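Trainee: Mind looking over this structure? Questions follow.
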Ligand SMILES: Cc1cc2nc3c(=O)[nH]c(=O)nc-3n(C[C@H](O)[C@H](O)[C@H](O)COP(=O)(O)O)c2cc1C
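Residue numbers (our numbering): -14 to 355.
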């Protein structure tokens, strides 16, 4: 009944045992809890976990691939996921938050005059000037750090890397934030240069390694997303990214507006439906024959099977659904789809948990007896 979901796939050179991928999800959990969470998601039967937000430089947010401790941390996560028969992909990213601006808001944050949402908005306002004024040699330093980071990720045991096309790649791509007048700004070709150089850097270090690209699409009418690539610019960006060495695309809405647009709840005014971002996949499909992974509100096995079977997408990524029930793939395989705890996209304890610094959880989670 779910033959396509359960069928293996050559995803940009990497063989996946089925079509279900855990979408990049920063958990905000202590290490032990994170390890247990990743183990349970891997054991639940998905083919690959994308580990969200792995910094490409030594001084980024989060553990670094370039320190002994950070490397050991990633190595351990890769081992845990592999032990459960699942592949793991590192989402390589560079933050576009201006650290200096952040320090300015620190007193307000500490005295609780600014909450997490307000801080996000304030930092978003700094993205444009930060990206526009970043000195060229620093830009090159960052794009050239993607290659060494990918190599370290491979050495730590990752099977694939994903270039995070939102964050700094997304801000450089976007005419909303990027007002540079050098070779990194202006025309869409110039705005794509940051991403293209980052991908080429990986290719230089790892000529045959699979490179997924999180393609963040910006929509007008109605306007959603500020970073990323305008729908009308996709015909320029997609071939450039492919030529640079990308082997698959993970397509979704661009960020830097409201987080509940890219992680939309069931009552979102526009993206409330199942498979809410798949129309962006259709546009990318017309421009490339590389595999495409869809994401966004995917949870019904029937719906997912239909999207895969029709060839609209080749893989289906889920974040909140696999947090709600990591066993989704195994239950589908075992003919027990009716037993799945279906995500209702309430965002209470996943996005809510992240925003209140309590870690990502789910309303279905059982309370451990003390
Ligand atoms: C708590 C949480 C954290 C997330 N962290 C990341 C991240 O680190 N990187 C990323 O690209 N997307 C991140 N996302 C977005 C997801 O990958 C996904 O695109 C989004 O949740 C929509 O898919 P879903 O409907 O299956 O949840 C996060 C989502 C959630 C809920």
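We put the CB at the ideal spot given by N, CA and C, even for glycine.
Given the structure is predicted, the values throughout are model-derived calculations rather than measurements.
Could you check whether residue 30 and residue 315 sit closer than 7 angstroms to each other, using their CB atoms as the reference points?
Mentor: yes
Trainee: Using only CA atoms, which one of 72, -9, 140 and 90 lies nearest to residue 55?
Mentor: 140
Trainee: To the nearest angstrom, how far is it from the Cα of residue 232 to the Cα of residue -2?
Mentor: Rounded to the nearest angstrom, the two C-alpha atoms are 8 angstroms apart.
Trainee: Note the first and the last residue of the continuous alpha helix (DSSP H) segment covering residue 0.
Mentor: Here residue 0 belongs to no alpha helix (DSSP H); instead the beta strand (DSSP E) covers -1 to 1.
Trainee: Taking only runs of the beta strand (DSSP E) that begin and end inside the stretch 85 to 167, which ones reach a length of at least 3 residues, in chain order?
Mentor: 145 to 149
Trainee: Grouping DSSP H, G and I as helix and E and B as strand, with all else coil, what is residue 231?
Mentor: coil
Trainee: In chain order, what residues of the same chain lie with their CB nearer than 7 angstroms to the CB of residue 94, ignoring the 5 residues before and after it?
Mentor: 104
Trainee: Please report the Cβ distance between residue 117 and residue 188, rounded to the nearest whole angstrom; I am assuming they are in contact, meaning their Cβ atoms lie under 8 angstroms.
Mentor: Not confirmed; about 28 angstroms, so no contact.
Trainee: Cβ of residue 145 versus every heavy atom of ligand 1: is any distance shorter than 6 angstroms?
Mentor: no
Trainee: For the alpha helix (DSSP H) that residue 278 lies in, which residues bound it at each end?
Mentor: First-last for residue 278: 277 to 280, but that is the beta strand (DSSP E), not the alpha helix (DSSP H).
Trainee: Using the Cα positions of residue -9 and residue 16, report the straight-line distance between them to the nearest angstrom.
Mentor: The C-alpha of residue -9 lies about 31 angstroms from the C-alpha of residue 16.
Trainee: Suppose you measure from the CA of residue 234 to the CA of residue 148; what does that come to, to the nearest Å?
Mentor: 10 angstroms
Trainee: Beta-carbon separation of residue 26 and residue 9 under 7 angstroms?
Mentor: With contacts defined as CB atoms closer than 7 angstroms, residue 26 and residue 9 fail to qualify as a contacting pair.
Trainee: Is the closest heavy atom of ligand 1 to the C-beta of residue 9 under 6 angstroms?
Mentor: Yes, the beta carbon of residue 9 sits closer than 6 angstroms to at least one heavy atom of ligand 1.
Trainee: Decide yes or no for the touch test of the stretch 279 to 294 against the stretch 233 to 251: beta carbon pairs closer than 8 angstroms, at least 3 of them.
Mentor: The stretch 279 to 294, when compared against the stretch 233 to 251, does touch it at the 8 angstroms Cβ threshold.
Trainee: Could you give the C-beta distance for residue 153 and residue 79, rounded to a whole number, given that I count them as a contact under 8 angstroms?
Mentor: At roughly 4 angstroms, the Cβ-Cβ gap stays under 8 angstroms, so residue 153 and residue 79 are in contact.
Trainee: Which residues mark the beginning and the end of the beta strand (DSSP E) in which residue 58 is found?
Mentor: It is not in any beta strand (DSSP E) - residue 58 instead sits in the alpha helix (DSSP H) that spans 53 to 68.
Trainee: May I have the straight-line CA-CA distance separating residue 128 from residue 182, to the nearest angstrom?
Mentor: Here the alpha carbons of residue 182 and residue 128 stand approximately 6 angstroms from one another.
Trainee: Could you round the C-beta distance between residue -4 and residue 299 to whole angstroms and report it? I think they count as a contact, below 8 angstroms.
Mentor: 7 angstroms
Trainee: Taking the alpha helix (DSSP H) that residue 175 belongs to, which residues open and close that run?
Mentor: 173 to 176
Trainee: Let me know the secondary structure DSSP gives residue 33 once reduced to three states.
Mentor: strand
Trainee: Counting pairs of beta carbons, one from the stretch 216 to 231 and one from the stretch 251 to 259, are three or more of them closer than 8 angstroms?
Mentor: no
Trainee: Could you check what DSSP says for residue -5 in three-state terms: helix, strand or coil?
Mentor: strand
Trainee: Taking the straight line between their C-alpha atoms, what separation do you get for residue 230 and residue 199?
Mentor: 14 angstroms
Trainee: Could you give the C-beta distance for residue 250 and residue 330, rounded to a whole number, given that I count them as a contact under 8 angstroms?
Mentor: So it is a contact: roughly 5 angstroms between Cβ atoms.
Trainee: Could you tell me which of 14, 223 and 295 sits nearest to residue 272, measuring between CA atoms?
Mentor: For residue 272, the nearest C-alpha among the options comes from 223.
Trainee: I need the DSSP call for residue 193, collapsed to helix, strand or coil.
Mentor: Of the three classes helix, strand and coil, the one that applies to residue 193 here is coil, per DSSP.
Trainee: Residue 28: which of 87, 67 and 248 sits nearest, CA to CA?
Mentor: 67
Trainee: Can you give me the start and stop residues for the beta strand (DSSP E) that residue 308 sits inside?
Mentor: No beta strand (DSSP E) holds residue 308; the alpha helix (DSSP H) holding it covers 305 to 309.
Trainee: In terms of residues, what are the limits of the alpha helix (DSSP H) holding residue 292?
Mentor: Residue 292 -> alpha helix (DSSP H) spans 286 to 294.
Trainee: Closer than 6 angstroms to a non-hydrogen atom of ligand 1 - does that hold for the CB of residue 183?
Mentor: No; taking the cut-off as 6 angstroms, the Cβ of residue 183 has no heavy atom of ligand 1 nearer than that.
Trainee: Could you give the distance in angstroms between the alpha-carbon of residue 133 and the alpha-carbon of residue 190?
Mentor: Residue 190 has its alpha-carbon roughly 7 angstroms from the corresponding atom of residue 133.
Trainee: Between which two residues does the alpha helix (DSSP H) holding residue 27 run?
Mentor: 16 to 28
Trainee: Measuring only between beta-carbons, confirm whether residue 182 sits less than 7 angstroms from chain C.
Mentor: Among the chains of the structure shown, chain C does not appear; only one protein chain is present.
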